[in-house]
Structure formats: C-alpha cells, structure tokens
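Chains as they are written, first to last, in the numbering used here: chain C, 530 to 983; chain G, 14 to 267.
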C-alpha cells in the first residue's frame, strides 16, 4: 500500500486541502486504513472527477480506491457482474461490450469509478428507463466505521443512505451490477438542432421514449430569440439488422474506447482565464451550433463514442485559468420549465463563457436519500471560478431553483450554503440520523460534509 | 471550509478592534462566514465590535488575547482551534507608535517592536501549527509598505513591520504543500482612527479598500497583496532609489 501526503482538489481545481493518501490494493489494507484513522476521519476517493470537494479530507486520510480494480466473472444467467470499487466505467465498458453486455447506467463520462458512481448516484443518459447508477446495483460491499465489511442489499436503510451518500456512510469496496444485453456495439443516433429553448424541450419530449438515451447541448451564449438554442442527441442500441456490412470494423474499434484524454497543450501552465472570454466562447458555440446537422437519424456510432463523447475531447481545464472551474448542476421538476427558462436567460444575459452546458431529462426519483435525480429537467454547466461576481450570481440561481422545488447536485458542488442544501434535500435529516447511529465518532468525513454540515 | 471562491465559513481575528479586520469580517459575513472569533484585550470596544457583527447574523465570540504576552498565546489560541476548524486567521494587531517620543524613550520603541513583531511571531507560529494540523486554511498577515523600505519618519514602526513581513514570507514558504496559505497584505497609508491627525500620504486608502483587497486575495489564493495595487510598482522603484536621494524625497520623509 502506498502512502503519501498530498494537496488535493476536485476536478475543478478550487479550494486545495492537504491529506494523507492511502492506496490500498486489498480489502484487508482498506480495513486497516479505516481502523487506523486519525481524529479527522477518512474519505474514499476514486478518479477525482467530482468538481468540488467531495473527495477531499483536509488534515485527515483519503483512501484512494483505484488500486482495487478487479472485475469478476460475468454471471451470464443472471446478467450480473461483481467488480471492485476502483474499476472505471470506461474499463468496464471496454471489457463487457465485446461479451455482449453493457454496464447498467452509463453516465456522460467513463472516467469515474464504480464506487464513485454509487456514492454520487450518477444518472445516465437513459435515466427515464434505468434510473441512476445505484438502481442497477444488486449488492454493495461496504466497509463501515467499525472496520467491518458488510454486504448491503437494496431496500435497506443503509443502502439508501449509501446510494448518493458521497462516501459518508463508509468505503464502498465492491458492487454487483445488473447488466444489460446488447446485440451490437453500435448505437443508432439521431441528432437535431433546436432554435430556442422551447423548441429544444418540445423536441426532447416528442417521440416518447422510443430513443432511450438522450441529452442536449445548450448554447448559453445565444441571446434574443435564439436564447437556449441547442443540439439534441438521442440514441438507441442498434439491432443486428441495421448493422451495415462495414460495421465489423466499428465493432472492433469500440474495444479501444476512443482516444485517451490528453492535455490541450501538454506541459504548458494554465492559460490566462481571459482566453475563455465571452467573444471567443460565443464564436465557438456559434460554430458548434451551425456545424451540427439540422436533423439526422440512424447514424451509427460505437457505444463508447456515443455514451462518452466528452471523454474523446482533450482536457479543457487549462482554459479556465488558475482559478479553476465551478460546475453547477441543478434539476427542476416538470411544470417548472419557466424556472429553467429564467436561469438560461440570466446566464445568457451575463454573457458567461459557458462552453459545456448539458440538458438532461430525468424519470422517476431514485430511492437514495441524497440522490440528485428527480423527475424533471437537469442542466449542468461549467464556468471559470474567476468570473467576477459568480459567487453571488450562483447564490441567486440557488434561490430560484429552491423556490421551484428543485435541487442542486451535491457531488459537483463546491460553493453551496449549508442552509440551501438542507432545504433542497429533505432526506438529509434521515441521512444525518443514520450517520449518527452508524458512525457516532464521524469516521467518514469530507471537506464537502464539513462545509455543508451533512 | 472555504468554498470554491475562497470565502471562509469561520474567521479568527487577532486584534479584534482593528478597523481593517472588522471591515473584512463584515464582507466575509456577507459571503459565507458564520462564526467569527474576535481576539483582543477585553475592552468595551471589543464587545461593541462583537455586537455589531452579531447584528449581521454571525455567531461571534470574543477571546482574551494580548500580543505582548507571548507566553499565553498557545493556550489562548489553542482554545479557539479546539472548538472547530478555522478557515481564515487574520493577524491585524499592531501599533503605530509615536516616532518622536519612541526615539526619546527606548522602552516605548521596544513595545512597538514587541507588539508588531515578537507578538506576531508567537501568534503566527501557534496559528500556523493549528492550521497545518487541520490541513487547510489561510493566515492573513497585515504588514505595511513601511516595512518595504525604512523611512526617517517611521523607521521604528517600519522596522517592526519589515521583520513581520520577512517572517510571514518565510512562514508561507515553510507551509508550502501543507494546504495552508499565508497571505501578506501590504497596505499603504490607511485612514483609520490610529492615523487620524497624521499628514496623509500619496496613495492613501481606507479600511474598506483593504478589506476588499483581502477578500479578492483569498479568492485568488494570492501570496502578496498590495493596497492599492499600484503600490507594488511604486515600491519596486523606490526600493532601488539610492539612499542619499531617498533621504531627500519630500513625500517619504514627512
């Protein structure tokens, strides 16, 4: 087991804190870390993709799970696979796809671990059909504060607290996942352009759930009549009969899972934040919007390239400058589209340089006490932290979202007020109670839990 | 914990009646700060400062702290850190002294040096140790441009600030990689109660401007903050002016 003292941040590179990082390779070593923890507790950390401080523990221990990376055999009869918490979804997809299986819920990036996907209860592109990640987990191995490894089954209070529980109920060591059978490694993708937000929402809703996977990019720099215009991308698994003759190669190439992430300018220091100014971003968004097809259906794409489209792009973080970036992801229920409109208008009016802005549509709420997804619309965007007045602006958006009965995603958060979080997540009271009971000394803590008083 | 914009949730002010510190506290309370500790010698001024901040919605507590009593710092400040994490420590105590009188009475000059430098060394080390143990936090040290180059008009005060400034810079380097940030703030002439009646110097500011610069510095995780920012350039030039010429500069003698 390797041990070192490191300064850690989330993906957004804001608010660094220092902790002792342990990287166990076996469950026994992980148990030893939790048993031998100091007064400031321990938190699990996977690939560090949370933008905020969810996987940091100032002055305490951080248990890096990436050394726990075994994938067990696939139980073909039941459609189950057991894997360690440190396995990345990208790797899982690469291993399972050639066998004709797909991991249960595939979020927009494959560079998250199974443990992280459970702890944040990530919703996939087909949330209306499959729910969030933990909904497709049939058992969890959880290392709790007393140093025991428990098997936690869905339907129990501990499972519901752990799903979306941000690692605060214990360290997830492994999970058994329900798999989906797929006939090909291809997706049949339809892309369409929407001229404004109303048009985008209407297109998203049209056609029911015939195409189960869907997400849209919103151009948050467009103003006036074009406010909220975007590109809607939806897909379904291609069946064998639509597979063209040359698709054999595409099937093969899907093994590689697309190009590895690379730095935009390798070796260069962070660029000045001004590079990501309103004008350059507006231009980029304009080109992106114009470059998309007006309407196209039946395009075949390898599964990883469709599900993890953003992973093929280079790491854009240097563009956000030294201050790092802040992610903001919120959801509002159906019938609250007016709030979505207002927020999009406010961002557009501020001319914030938002390159990444993803609109998703959620189905039934997940049972996790702190799970993010709830029926309605979700918008996720990244902004440079150095943007003047961003703090107050997002506080204002928080209020608007809370007033509409919506919520802000905790796993990505790096700036919310504790009161706001408590108001948005009614399950927090039960969550605190369960933690108080299971973990009275506060063995599992993170900077996020300290900041929001979770 | 500090948020992504460097706004702290808890603040410890050493020198709880300092106008700059209170202006900073008011700004931070408007952002995220919920708990404020005001450390200082017990006085009605300290209590009224606490009451004023309470009125703004913060949970304010006071703690006895005497910069001159270095031996007591560990106990007094240890109590504060035992109550929970402190995200930002603002070292704002210090005395200007009276140059003419201090030159006549060496013991008065020593008091200035002890308050501004020795007191800050012991308090700074105690706080740095506690921040290091919690793995995060910022130590904001109020230095002064007077420490950048000694002037005839206030070299006793200036030399104490020069010592403090060097100490804070070294401490910041020592704490690299521990998660603790040390920020040195170098204001020029600040219009406060302490400077009332003194001849105002060029590039003078008020406590509000200094507070604003501190909040911005926390957001940017700066190591050095000049207030106003232009002083950085001015002092860079003045630092290299030959001494015979420097002595003749009218503004810098008064």
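Just so it is clear, CB atoms sit at the ideal spot from N, CA and C, and this is done for glycine as well.
Using a Cβ-Cβ cut-off of less than 7 Å, give me the residues of the segment 142-154 of chain G that come near chain C, in sequence order.
Per Cβ criterion, the list reads 146, 147, 148, 149.
Which of the three DSSP states is assigned to residue 973 of chain C in this structure?
As a first step, residue 973 of chain C must be located in the first chain, where it is residue number 444. Residue state, collapsed to three classes: strand.
Roughly how many whole angstroms lie between the Cα atoms of residue 174 of chain G and residue 817 of chain C?
Residue numbering aside, residue 174 of chain G sits at position 161 when the second chain is read from its first letter. Residue numbering aside, residue 817 of chain C sits at position 288 when the first chain is read from its first letter. Going from the Cα of residue 174 of chain G to the Cα of residue 817 of chain C covers about 55 Å.
Check each residue of the segment 545-578 of chain C: if its Cβ is closer than 8 Å to any Cβ of chain G, include it; give the result in chain order.
Cβ contacts with chain G come from 545, 546, 547, 548, 569.
Could you check whether the Cβ of residue 886 of chain C sits closer than 9 Å to any Cβ belonging to chain G?
The sequence position of residue 886 of chain C within the first chain is 357, counting from 1. Judged by the 9 Å Cβ criterion, residue 886 of chain C is not in contact with chain G.
Measuring CA to CA, which of C/863, C/820, C/575, C/570 is closest to residue 731 of chain C?
As a first step, residue 731 of chain C is located in the first chain; it is residue number 202 there, counting from the start. The candidate whose alpha carbon is nearest that of residue 731 of chain C is C/863.
Are the C-beta atoms of residue 943 of chain C and some chain G residue less than 9 Å apart?
For the purposes of this step, residue 943 of chain C is taken as residue 414 along the first chain, with counting starting at 1. Closer than 9 Å: yes.
Quick check: what's the CA-CA separation for residue 963 of chain C versus residue 697 of chain C?
Within the first chain, numbered from 1, the residue matching residue 963 of chain C stands at position 434. Within the first chain, numbered from 1, the residue matching residue 697 of chain C stands at position 168. The alpha-carbon atoms of residue 963 of chain C and residue 697 of chain C are separated by roughly 11 Å.
The beta strand (DSSP E) spanning residue 77 of chain G covers which residue range?
Locating residue 77 of chain G in the second chain gives position 64, where the first residue counts as 1. Here the beta strand (DSSP E) through residue 77 of chain G covers 72-77.
Using beta-carbon positions only, say whether residue 973 of chain C and residue 570 of chain C come within less than 9 Å of one another.
To locate residue 973 of chain C, count along the first chain from 1; it is residue 444. To locate residue 570 of chain C, count along the first chain from 1; it is residue 41. Going by C-beta atoms, residue 973 of chain C is nearer than 9 Å to residue 570 of chain C.
With DSSP as the reference, please indicate the residues paired to residue 870 of chain C in a beta bridge.
Within the first chain, the letter at position 341 stands for residue 870 of chain C. DSSP output for residue 870 of chain C lists no bridge partner at all.
Should residue 210 of chain G be flagged as near chain C, meaning a C-beta pair shorter than 9 Å?
The residue you call residue 210 of chain G lines up with position 197 of the second chain. Judged by the 9 Å Cβ criterion, residue 210 of chain G is not in contact with chain C.
Use the C-beta contact count for residue 29 of chain G: other C-beta atoms within 10 angstroms, 16 or more gives buried, fewer gives exposed.
Against the second chain, residue 29 of chain G aligns to sequence position 16. By the neighbour-count rule (16 or more Cβ atoms within 10 Å), residue 29 of chain G is buried.
Smallest Cα separation from residue 947 of chain C: which of G/150, G/262, G/213, G/45?
One-based indexing of the first chain puts residue 947 of chain C at position 418. Out of G/150, G/262, G/213, G/45, G/45 has the C-alpha closest to the C-alpha of residue 947 of chain C.
Taking beta-carbon pairs under 9 Å, can you tell me which members of the segment 232-249 of chain G lie near chain C?
Here the close residues are 232, 233, 234.
Mind listing, in chain order, the continuous alpha helix (DSSP H) runs of no fewer than 4 residues lying wholly within the segment 603-686 of chain C?
Qualifying alpha helix (DSSP H) stretches, in chain order: 618-625, 643-648, 656-659.
Can the beta-carbon of residue 244 of chain G be found less than 9 Å from the beta-carbon of residue 201 of chain G?
For the purposes of this step, residue 244 of chain G is taken as residue 231 along the second chain, with counting starting at 1. For the purposes of this step, residue 201 of chain G is taken as residue 188 along the second chain, with counting starting at 1. Result yes, Cβ atoms of residue 244 of chain G and residue 201 of chain G sit closer than 9 Å.
In the segment 836-883 of chain C, which residue ranges form an unbroken alpha helix (DSSP H) of at least 4 residues, counting only runs that do not cross its ends?
The qualifying runs are 866-879.
Specify, as a first and last residue, the run of the alpha helix (DSSP H) that residue 949 of chain C falls within.
Translated into the one-based positions of the first chain, residue 949 of chain C becomes position 420. It spans 947-953 - the alpha helix (DSSP H) in which residue 949 of chain C sits, taken as one unbroken run.
So, do the segment 613-621 of chain C and the segment 640-653 of chain C have three or more beta carbon pairs nearer to each other than 8 Å?
Yes: at least three Cβ pairs fall under 8 Å.
Counting contacts by CB-CB distance shorter than 9 Å, is residue 201 of chain G in contact with chain C?
Translated into the one-based positions of the second chain, residue 201 of chain G becomes position 188. Taking Cβ atoms only, chain C never reaches closer than 9 Å to residue 201 of chain G, which makes this a no.
Would you mind working out which of C/609, C/813, C/866, C/908 sits nearest residue 856 of chain C, comparing C-alpha positions?
For this step, residue 856 of chain C is matched to residue 327 along the first chain. The shortest C-alpha separation from residue 856 of chain C is found at C/908.
By the 9 Å beta-carbon criterion, what residues does the segment 839-855 of chain C contribute toward chain G?
Hits within the stretch, in order: 851, 852, 853, 854, 855.
Ordered along the chain, which non-local residues of its own chain (more than five positions away) have a Cβ less than 6 Å from that of residue 258 of chain G?
Counting from one through the second chain, the residue named residue 258 of chain G turns up at place 245. Result list for residue 258 of chain G: empty, nothing under 6 Å.
Could you tell me whether the segment 100-117 of chain G touches the segment 542-555 of chain C, where touching means 3 or more Cβ pairs closer than 8 Å?
Taking 8 Å as the limit for Cβ pairs, the verdict is that the segment 542-555 of chain C does not touch the segment 100-117 of chain G.
Taking C-alpha atoms, which residue in C/923, C/556, C/583 lies nearest to residue 538 of chain C?
Stepping through the first chain from its first residue, residue 538 of chain C is reached at position 9. Of the candidates C/923, C/556, C/583, the one whose C-alpha sits nearest the C-alpha of residue 538 of chain C is C/583.
Write down the C-beta distance between residue 672 of chain C and residue 591 of chain C rounded to the nearest angstrom, noting that I regard them as a contact closer than 8 Å.
For the purposes of this step, residue 672 of chain C is taken as residue 143 along the first chain, with counting starting at 1. For the purposes of this step, residue 591 of chain C is taken as residue 62 along the first chain, with counting starting at 1. Wrong, their Cβ atoms sit about 14 Å apart, outside the cutoff.
What does the alpha-carbon distance come out to for the pair residue 540 of chain C and residue 852 of chain C?
Within the first chain, numbered from 1, the residue matching residue 540 of chain C stands at position 11. Within the first chain, numbered from 1, the residue matching residue 852 of chain C stands at position 323. Their backbone Cα atoms lie some 12 Å apart in a straight line.
Is residue 915 of chain C buried or exposed, if buried means 16 or more other CB atoms sit within 10 Å of its CB?
As a position in the first chain, residue 915 of chain C is number 386, starting the count at 1. Classification for residue 915 of chain C: buried.
Residues of the segment 952-982 of chain C with a CB closer than 7 Å to any CB of chain G: list them in chain order, please.
Listed in sequence order: 976, 979, 980.
Out of curiosity, what's the CA-to-CA distance linking residue 99 of chain G and residue 147 of chain G?
On the second chain, residue 99 of chain G is found 86 positions in, with the first residue counted as 1. On the second chain, residue 147 of chain G is found 134 positions in, with the first residue counted as 1. Cα to Cα, the separation comes out at about 9 Å.
Using only the alpha-carbon positions, how far apart do residue 874 of chain C and residue 941 of chain C sit?
Here residue 874 of chain C corresponds to residue number 345 of the first chain, with the count starting at 1. Here residue 941 of chain C corresponds to residue number 412 of the first chain, with the count starting at 1. Using only the alpha carbons, I get a separation of about 22 Å.
Is the beta carbon of residue 766 of chain C sitting closer than 9 Å to the one on residue 638 of chain C?
As a first step, residue 766 of chain C is located in the first chain; it is residue number 237 there, counting from the start. As a first step, residue 638 of chain C is located in the first chain; it is residue number 109 there, counting from the start. Going by C-beta atoms, residue 766 of chain C is not nearer than 9 Å to residue 638 of chain C.
Run down chain C in chain order and give the residues with a C-beta less than 9 Å from the C-beta of residue 180 of chain G.
Against the second chain, residue 180 of chain G aligns to sequence position 167. Those do not exist, as residue 180 of chain G stays about 22 Å from chain C at its closest Cβ, beyond 9 Å.
Considering only the beta carbon of each residue, do residue 231 of chain G and residue 26 of chain G sit closer than 9 Å?
Here residue 231 of chain G refers to the residue found at position 218 of the second chain. Here residue 26 of chain G refers to the residue found at position 13 of the second chain. Cβ atoms of residue 231 of chain G and residue 26 of chain G: not closer than 9 Å.
Compute the Euclidean distance between the alpha carbons of residue 610 of chain C and residue 594 of chain C, then round it to the nearest angstrom.
Along the first chain, one-based indexing puts residue 610 of chain C at 81. Along the first chain, one-based indexing puts residue 594 of chain C at 65. Cα to Cα, residue 610 of chain C sits roughly 19 Å from residue 594 of chain C.
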